[in-house]
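In my numbering, the protein residues as written are 240 to 716.
Beta carbons: idealized from backbone N, C-alpha and C, even for Gly.
See structure below.
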């Protein structure tokens, strides 16, 4: 069967093909027992994906500036800044315990980070700088006057401000790469991070025209990389806990928690930068896919791996508290009270704190994930790509069900959620008079009009691809 296409290009038949995960599996053919080295290697793979996306955005922004399309350039520079802040988070993870080693470690494996995507990034930044210099000269703009007199409502000033903030973020994450130290690499950096396979993952599908399809994919590919490693770290931690090796399990569980922070941070650029129209422009090419189709995140990290960890910790609480209380029923309070004089209790409390941090990361990701259907699908019985009626309510229900069925809460390891606030602010936001509610309704109406085939189909298993040929991308004002 031939791949379905539309005027922009390929329509993804599956989530795996949308995200190019066959290439990611090849890029991680080295994966084995989780270690500090494997975590740092995974982070650098995520860095490579982020750099490739910035290079793409900077090159396209330079073209916009050259054709005097300053508005379009400003949108891309907003994306660029958001990716730089993600890079600051990713590279900063190497300095978080337990990935950061104490003093006296060996020299870093590289003095400057040099990879194919980094080279593309540097070339694209220089191209953008040149285009902006030419634009300033062409319009006879005085930089001194612009900086002294103009605010961000001035197009050129906004561009320059975004660029200088991005330059500062670049300096931060570039210096943080020095924290990737103490590694003995017997191959080149390109080979070590499997740069060629990552490039194949990033570039295996490309749409025609000026879209943010690559960035949409990249901000899903980075979590896939980090989740694969986090799952391996959680598996090691759980194995140690089940074997009674509580102290050795700390590093693996702490590393998984650090990696989850990068997964959460990857959601922010999509929330901050992807407009409803830009999402609608590429929506058909995403195929009938959903984030719930991710094996690494939905099935493993937020499901099986997390449940296995909490089950193992529950067993430790049971055995430790019974030992402390001479065979009395399980008591988490007894474990906490004994942490100052009992080594096993102290180690167990530390692991429970880490499990709480991991749980907080997962919950925050679910809250951020809710922004995507809110911003891009809206309310009012608007179907998702997989046929779910009222996508916003469906995601809210999944979030609430996940909280209700949280194994950490069920085992008594974590406190259940407090009741949702019903004060004046909450009541206003839910009311039909609030701007937020009106925006949700307007997005829903626009989505249903533009994608009638999605709206009218009966569910997720329709064989033929959806079509929005009757509702073309509206022209930019």
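Enclosing alpha helix (DSSP H) for residue 288 [first to last residue]: For the purposes of this step, residue 288 is taken as the residue at position 49 of the chain shown. 275 to 305 is the span of the alpha helix (DSSP H), which, as asked, contains residue 288.
Please report how far the alpha carbon of residue 344 lies from the alpha carbon of residue 637, in whole angstroms. The sequence position of residue 344 within the chain shown is 105, counting from 1. The sequence position of residue 637 within the chain shown is 398, counting from 1. At residue 344 the pLDDT is 48, less than 50, meaning the model places this residue with poor confidence and gives no usable figure here.
Reference residue 642, options 677, 603, 674, 668, closest by Cα: Taking the chain shown and counting its residues from 1, one reaches residue 642 at position 403. If we check each option's Cα against that of residue 642, 603 comes out closest.
Tell me the rounded alpha-carbon separation between residue 670 and residue 680. Along the chain shown, one-based indexing puts residue 670 at 431. Along the chain shown, one-based indexing puts residue 680 at 441. Looking at the two C-alpha atoms, the distance is approximately 12 Å.
Taking only the alpha-carbon atoms, compute the straight-line gap between residue 515 and residue 474 and give it to the nearest angstrom. The residue given as residue 515 occupies position 276 in the chain shown. The residue given as residue 474 occupies position 235 in the chain shown. Those two C-alpha atoms are separated by around 38 Å.
Exposed unless 16 or more other CB atoms sit within 10 angstroms - verdict on residue 213: Lying outside 240 to 716, the shown extent of the chain, residue 213 is not represented and no answer is given.
For residue 242, which residues in the same chain have their Cβ closer than 8 Å to its Cβ, ignoring the five residues on either side in sequence? Sequence index remark: in the chain shown, residue 242 carries index 3 (1-based). Hits under 8 Å: 249, 250, 252.
Beta carbon of residue 560, beta carbon of residue 325: below 8 Å? Stepping through the chain shown from its first residue, residue 560 is reached at position 321. Stepping through the chain shown from its first residue, residue 325 is reached at position 86. Against a cut-off of 8 Å, the Cβ pair of residue 325 and residue 560 comes out as no contact.
Give the DSSP-derived three-state secondary structure of residue 244 in the structure shown. If you number the chain shown from 1, residue 244 lands on position 5. Residue state, collapsed to three classes: strand.
Report yes if the CB atom of residue 398 is closer than 8 Å to the CB atom of residue 281, and no otherwise. In the chain shown, counting from the first residue as 1, residue 398 sits at position 159. In the chain shown, counting from the first residue as 1, residue 281 sits at position 42. Result no, Cβ atoms of residue 398 and residue 281 do not sit closer than 8 Å.
In or out: residue 346 buried (at least 16 other Cβ within 10 Å) or exposed? Here residue 346 refers to the residue found at position 107 when the chain shown is read from its first residue. Because residue 346 carries a pLDDT of 49, less than 50, the predicted location of this residue cannot be relied on, and the following value inherits that uncertainty. Label assigned to residue 346: exposed.
State yes or no: is the C-beta of residue 289 within less than 8 Å of the C-beta of residue 432? Here the question's residue 289 lines up with position 50 in the chain shown. Here the question's residue 432 lines up with position 193 in the chain shown. No, these two residues do not count as a Cβ contact at 8 Å.
Determine the DSSP secondary structure at residue 253, reduced to helix, strand or coil. By 1-based counting over the chain shown, the position of residue 253 is 14. Of the three classes helix, strand and coil, the one that applies to residue 253 here is coil, per DSSP.
Suppose the cutoff is 7 Å on Cβ atoms and the five residues either side in sequence are ignored; what does the same chain contact list for residue 299 look like? As a first step, residue 299 must be located in the chain shown, where it is residue number 60. Cβ neighbours of residue 299 beyond the five flanking positions: 315, 449.
Pairwise C-alpha distance: residue 285 and residue 277: If you number the chain shown from 1, residue 277 lands on position 38. If you number the chain shown from 1, residue 285 lands on position 46. Whole-angstrom Cα-Cα distance: 12 Å.
On the CB-based measure, 16 or more other CB atoms within 10 Å of its CB, does residue 258 come out buried or exposed? Walking along the chain shown from the start, residue 258 turns up at place 19. It is buried - the Cβ of residue 258 has at least 16 other Cβ atoms within 10 Å.
Given 8 Å, three or more beta-carbon pairs between the region 253 to 273 and the region 389 to 407: no
If we call anything under 8 Å between Cβ atoms a contact, is residue 387 one with residue 467? Taking the chain shown and counting its residues from 1, one reaches residue 387 at position 148. Taking the chain shown and counting its residues from 1, one reaches residue 467 at position 228. No.
DSSP state of residue 272, grouped into three classes? As a first step, residue 272 must be located in the chain shown, where it is residue number 33. Reduced to three states, the DSSP call for residue 272 is coil.
Below 8 Å, can you find three or more Cβ-Cβ pairs linking the region 332 to 339 to the region 415 to 429? yes
For residue 577 and residue 584, which I take to be in contact (beta-carbon distance under 8 Å), what is that distance rounded to the nearest angstrom? As a first step, residue 577 is located in the chain shown; it is residue number 338 there, counting from the start. As a first step, residue 584 is located in the chain shown; it is residue number 345 there, counting from the start. Contact holds; Cβ gap of about 4 Å.
Grab me the residues of residue 409's own chain with a C-beta within less than 7 Å of its C-beta, minus the 5 sequence neighbours each way, in chain order. For the purposes of this step, residue 409 is taken as the residue at position 170 of the chain shown. Counting only Cβ-Cβ distances below 7 Å, and skipping sequence neighbours, we find 323.
Would you kindly check if the distance between the Cβ of residue 499 and the Cβ of residue 469 is under 8 Å? Along the chain shown, read from residue 1 onward, the residue named residue 469 stands at position 230. Along the chain shown, read from residue 1 onward, the residue named residue 499 stands at position 260. The answer is yes: Cβ separation under 8 Å.
Compare the C-alpha of residue 562 against each of 551, 552, 296, 574 and name the closest. As a working mapping, residue 562 is identified with position 323 in the chain shown. Closest option to residue 562, Cα to Cα, is 574.
Name the two residues that bound the continuous alpha helix (DSSP H) containing residue 437. For the purposes of this step, residue 437 is taken as residue 198 along the chain shown, with counting starting at 1. Looking at the DSSP string, the run of the alpha helix (DSSP H) that includes residue 437 is 434 to 442.
For residue 551, the nearest candidate out of 477, 538, 565 (CA to CA): The residue given as residue 551 occupies position 312 in the chain shown. That would be 477, whose Cα lies nearest to the Cα of residue 551.
To the nearest angstrom, report how far apart residue 683 and residue 596 are at their CA atoms. Against the chain shown, residue 683 aligns to sequence position 444. Against the chain shown, residue 596 aligns to sequence position 357. Straight-line Cα distance between these residues: approximately 35 Å.
Contact belief for residue 415 with residue 330 at Cβ below 8 Å, rounded distance in angstroms: Taking the first residue of the chain shown as position 1, residue 415 is located at position 176. Taking the first residue of the chain shown as position 1, residue 330 is located at position 91. Right, their Cβ atoms sit about 4 Å apart.
Is the beta carbon of residue 287 less than 8 Å from the beta carbon of residue 354? The count along the chain shown starts at 1 and reaches residue 287 at position 48. The count along the chain shown starts at 1 and reaches residue 354 at position 115. Yes, these two residues count as a Cβ contact at 8 Å.
Closest Cα partner of residue 318 within the set 405, 356, 373: Counting from 1 along the chain shown, the entry for residue 318 is found at position 79. Nearest option by C-alpha distance: 405.
Can you look up residue 595 in the DSSP assignment and give me helix, strand or coil? Counted from its first residue, the chain shown places residue 595 at position 356. In this structure, residue 595 counts as helix in the three-state DSSP scheme.
Per-residue burial, residue 661 [other beta carbons within 10 Å of its own, 16 or more giving buried]: The residue you call residue 661 lines up with position 422 of the chain shown. Classification of residue 661: exposed, given that the 10 Å Cβ count is below 16.
Buried versus exposed call for residue 491 [16 or more other C-beta atoms within 10 Å across all chains shown]: Here residue 491 refers to the residue found at position 252 when the chain shown is read from its first residue. Flag for residue 491 reads buried.
Could you tell me whether the Cβ atoms of residue 486 and residue 586 are closer together than 8 Å? Translated into positions along the chain shown, residue 486 becomes position 247. Translated into positions along the chain shown, residue 586 becomes position 347. Closer than 8 Å, so yes.
Are residue 429 and residue 262 close, meaning C-beta to C-beta below 8 Å? Numbered from its first residue, the chain shown carries residue 429 at position 190. Numbered from its first residue, the chain shown carries residue 262 at position 23. No, they are not a contact pair.
Compute the distance between the beta-carbons of residue 304 and residue 362, then report whether it is under 8 Å. In the chain shown, residue 304 corresponds to position 65, counting from 1. In the chain shown, residue 362 corresponds to position 123, counting from 1. The answer is no: Cβ separation not under 8 Å.
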